[in-house]
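Trainee: Have a look at this one before I ask anything.
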Amino acid sequence: METSTIPSLFTPPTLAITPSPPLPPFKVLIIGASYAGLSTALNLQDLCAGLPPRSGPSPPTTTTTTTTTPPLPIPIEITLLDERDGFYHVIGSPLALADETYAAKAWVKYDDVAALRSPAIRHLHGSVTSVDMGRKVASFAAVRGGGGGETVEVGYDYLVAASGLRRVWPVVPQARRRKEYLFEVEEHVAGVVGGGIGAVGVEMAAELKMVQPQLKVTMVHSRDKLLSSEPLPEEVKDRALELLREAGVEVRMSTRLEGTEEAVDEEGKPCTKVTFANGETMLADRVIMAVSRSVPSTTHLPSAVLDGEGYVRIHANLTMPTDAPHTKDHFAVGDIAQWSGIKRCGTAMHMGYLAAHNIHQLMQQRVKNVEPEFVKLDEVPPMIGLAVGKKAVAYWPEGGMTSGADVLKNFFGDDLGFSICWNYLRLGGEKPVV
Ligand SMILES: Cc1cc2nc3c(=O)[nH]c(=O)nc-3n(C[C@H](O)[C@H](O)[C@H](O)COP(=O)(O)OP(=O)(O)OC[C@H]3O[C@@H](n4cnc5c(N)ncnc54)[C@H](O)[C@@H]3O)c2cc1C
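Take 1 as the starting number for the sequence shown in the UniProt record's numbering and just add one per residue.
Written out as structure tokens, the structure reads:
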């Protein structure tokens with residue numbers, strides 16, 4: 001396998017065992033360009049341009065012994081590295097898998113994201129295979145038109161790990177290019193669903209029933225409560241079940257799937273025979289298993305910064321733990337980070353803003369010799385917003401539980417939150433999606 005370095009306006013990676021202290025233009029490498037990674041990149045770009053960050057308050061003006069100065073522009077080179085060729089709205093997956101028109105909207109190639117058309121930001125398409133925190137160099141398998149596999153090294157001054165969770169099909173599409181994704185989704189939506197579990201299974205079953213009401217959708221759950229593994233009040237779990245049944249989904253609680261086998265229905269059409277632990281059987285055109293646990297995409301990171309489940313251990317200022325080299329220049333944001341609360345995109349984007357703020361502080365320390373003032377991530381209590389067809393149920397500690405069509409509108413708009421996220425990060429530049 002060939003190894004090469006990235007040419008062009010970016011400085012080639014340093015090969016020194018101990019890299020020199022970073023100097024501007026600062027090179028920032030962000031692994032994963034989804035909610036957390038994009039939030040980090042765009043907020044950092046704002047701050048380094050001397051502008052208010054788009055997702056939070058501006059840092060206070062800095063004071064040295066003799067002067068008080070507002071933030072000055074700082075030259076940066078941000079590299080966003082992702083396995084996908086575009087921003088994919090993960091939250092919209094249950095609808096994208098049921099509705100081809102929506103699917104086309106839910107994946108926007110990075111080249112078409114106006115906010116990324118900036119001389120300070122570039123996107124590389126590839127899968128990161130290792131990170132050498134001592135040398136400050138990441139290796140990735142490049143995805144190129146007509147092939148790939150070439151291993152490329154990219155050096156950095158600051159690294160932000162934002163590679164989220166590995167989710168299996170059909171929780172999210174597995175394609176790495178928009179074109180292939182549209183084929184993948186087309187094949188899926190032509191089928192009919194069988195069983196599912198958890199928040200994703202609930203949303204998937206409800207969206208499928210809403211988009212294709214003629215389908216008989218049955219959801220099977222082994223426990224006596226939905227969302228059984230989430231630390232949420234019982235009333236939220238009960239309301240989710242009511243909404244799912246209201247949406248026309250047949251729900252079988254306390255039912256364990258024993259196995260599936262190929263069969264034919266009474267019209268001689270191929271289908272799947274599903275057998276449950278109590279001996280009952282049913283025929284389904286399509287069985288969707290939404291039971292697999294998602295795992296953090298962190299195999300490229302040194303084990304010293306990971307917990308037993310593969311999540312990155314972080315400090316409240318989002319830097320990695322001190323058991324590895326240069327950890328004050330290494331950050332982790334979004335689902336990949338080990339932190340309290342249910343994994344949510346709002347938290348991921350907020351963490352991106354906090355990391356951007358703290359990296360900007362480190363840069364200012366370097367160029368202006370001022371003490372950095374870090375912002376910290378608070379503990380996150382359990383909260384959830386769950387879309388169930390034409391309604392939603394939401395819970396957060398101060399507000400308690402709410403549900404209904406208005407909750408769907410408030411939490412998800414008309415497109416399962418696509419426009420809310422797109423506009424919040426101003427991905428369309430100054431032009432919002434409405
Ligand atoms: C079906 C579904 C519904 C959801 N609904 C909601 C909801 O209603 N509300 C809510 O708040 N949250 C919801 N979530 C959770 C939400 O999607 C996550 O919290 C959010 O995606 C986390 O964002 P992230 O940027 O940390 O990671 P991700 O969105 O997982 O993005 C990680 C990125 O890293 C890339 N990547 C991974 N490994 C590598 C590698 N080795 N090299 C290069 N790139 C890599 C991936 O391609 C991806 O683009 C839902 C999740 C699912 C699956």
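The beta carbon of each residue, even a glycine, is placed where N, CA and C say it ideally should be.
Give a yes or no on whether the C-beta atoms belonging to residue 86 and residue 105 are separated by under 7 Å.
Mentor: No, the Cβ-Cβ distance between residue 86 and residue 105 is not below 7 Å.
Trainee: Three or more beta-carbon pairs under 8 Å between the segment 274–292 and the segment 225–245, yes or no?
Mentor: These segments do not touch.
Trainee: Unbroken beta strand (DSSP E) runs of length 3 or more, entirely within the segment 161–236: which are they?
Mentor: Qualifying beta strand (DSSP E) stretches, in chain order: 218–220.
Trainee: Return helix, strand or coil for residue 301, following the three-state DSSP convention.
Mentor: Note: residue 301 maps to coil in three-state DSSP.
Trainee: Any heavy atom of ligand 1 within a distance shorter than 6 Å of the CB on residue 345?
Mentor: Yes, since a heavy atom of ligand 1 falls inside the 6 Å radius drawn around the Cβ of residue 345.
Trainee: According to DSSP, residue 125 sits in a beta bridge with which residue or residues?
Mentor: Beta-bridge pairing links residue 125 to 82.
Trainee: In whole angstroms, what is the alpha-carbon distance linking residue 195 and residue 59?
Mentor: Residue placement at residue 195 cannot be trusted, given a pLDDT of 48 that sits under 50; the coordinates are not used to answer.
Trainee: May I ask whether a heavy atom of ligand 1 can be found less than 6 Å away from the beta carbon of residue 150?
Mentor: Residue 150: no, Cβ never under 6 Å from ligand 1.
Trainee: Let's test the definition: count the other Cβ atoms within 10 Å of the Cβ of residue 192 and tell me whether it reaches 16, buried, or not, exposed.
Mentor: With a pLDDT of only 45 at residue 192, under the threshold of 50, the placement of this residue in the model should not be trusted; the figure read from the coordinates follows. With 16 or more Cβ atoms within 10 Å of its Cβ, residue 192 is classed as buried.
Trainee: In this structure, does DSSP put residue 97 in helix, strand or coil?
Mentor: Here residue 97 sits in coil by DSSP.
Trainee: Suppose you measure from the CA of residue 429 to the CA of residue 423; what does that come to, to the nearest Å?
Mentor: Looking at the two C-alpha atoms, the distance is approximately 9 Å.
Trainee: Does DSSP put residue 88 in a helix, in a strand, or in coil?
Mentor: If DSSP states are grouped into helix, strand and coil, residue 88 belongs with the strands.
Trainee: For residue 350, report the span of its beta strand (DSSP E) as first-last.
Mentor: Note, residue 350: premise wrong, no beta strand (DSSP E); alpha helix (DSSP H) at 345–368.
Trainee: Closer than 6 Å: is that where the CB of residue 91 sits relative to any heavy atom of ligand 1?
Mentor: Yes.
Trainee: So, for residue 417: in the same chain, excluding its five sequence neighbours on each side, which residues have a beta-carbon less than 6 Å away from its beta-carbon?
Mentor: Hits under 6 Å: 91.
Trainee: For residue 58, does the three-state DSSP call read helix, strand or coil?
Mentor: Correct three-state label for residue 58: coil.
Trainee: Cα-Cα, which of 223, 247 and 234 is closest to residue 257?
Mentor: Out of 223, 247 and 234, 223 has the C-alpha closest to the C-alpha of residue 257.
Trainee: For the segment 379–396 against the segment 341–354, are there 3 or more C-beta pairs whose distance is under 8 Å?
Mentor: Short answer: they touch.
Trainee: Helix, strand or coil, according to DSSP, for residue 249 in the structure here?
Mentor: Residue state, collapsed to three classes: coil.
Trainee: Here's the rule: buried if 16 or more other CB atoms are within 10 angstroms of the residue's CB, otherwise exposed. What is residue 411?
Mentor: Classification for residue 411: buried.
Trainee: Just curious, the beta strand (DSSP E) that residue 37 is in, first and last residue?
Mentor: No beta strand (DSSP E) contains residue 37, which is instead part of the alpha helix (DSSP H) from 35–48.
Trainee: In the DSSP assignment, find the alpha helix (DSSP H) that holds residue 408 and state where it starts and stops.
Mentor: It spans 405–412 - the alpha helix (DSSP H) in which residue 408 sits, taken as one unbroken run.
Trainee: By how many angstroms is the C-alpha of residue 285 removed from the C-alpha of residue 268?
Mentor: One C-alpha to the other measures close to 12 Å.
Trainee: Cα-Cα, which of 46, 217, 93 and 317 is closest to residue 373?
Mentor: Residue 317 is the option with its Cα nearest to residue 373.
Trainee: Roughly how many whole angstroms lie between the Cα atoms of residue 187 and residue 96?
Mentor: Each residue's Cα considered, the two are about 12 Å apart.
Trainee: In this structure, does DSSP put residue 118 in helix, strand or coil?
Mentor: DSSP places residue 118 in coil when its eight states are reduced to three.
Trainee: What is the residue span of the beta strand (DSSP E) that residue 396 lies within?
Mentor: Element bounds for residue 396: 391–396.
Trainee: Quick one: is the Cβ of residue 226 within less than 6 Å of any heavy atom of ligand 3?
Mentor: Within the structure as shown, ligand 3 is missing, the only ligands being ligand 1.
Trainee: Where DSSP assigns a beta bridge to residue 134, which residues make up the other side?
Mentor: None, per the DSSP bridge assignment.
Trainee: Tell me whether the segment 38–50 and the segment 351–367 touch, counting them as touching only if at least three CB pairs, one residue from each stretch, are closer than 8 Å.
Mentor: Output reads yes: the segment 351–367 touches the segment 38–50.
Trainee: Quick check: what's the CA-CA separation for residue 342 versus residue 248?
Mentor: If you take the alpha carbons of residue 342 and residue 248, they lie about 27 Å apart.
Trainee: Alpha carbon to alpha carbon, how far is residue 297 from residue 310? Give it in angstroms, no decimals.
Mentor: Roughly 8 Å separates the two Cα atoms.
Trainee: Can you tell me which of the three DSSP states residue 294 falls into?
Mentor: Reduced to three states, the DSSP call for residue 294 is coil.
Trainee: Shorter than 6 Å, the distance from the beta carbon of residue 318 to the closest heavy atom of ligand 1, or not?
Mentor: Outside the cutoff, so no.
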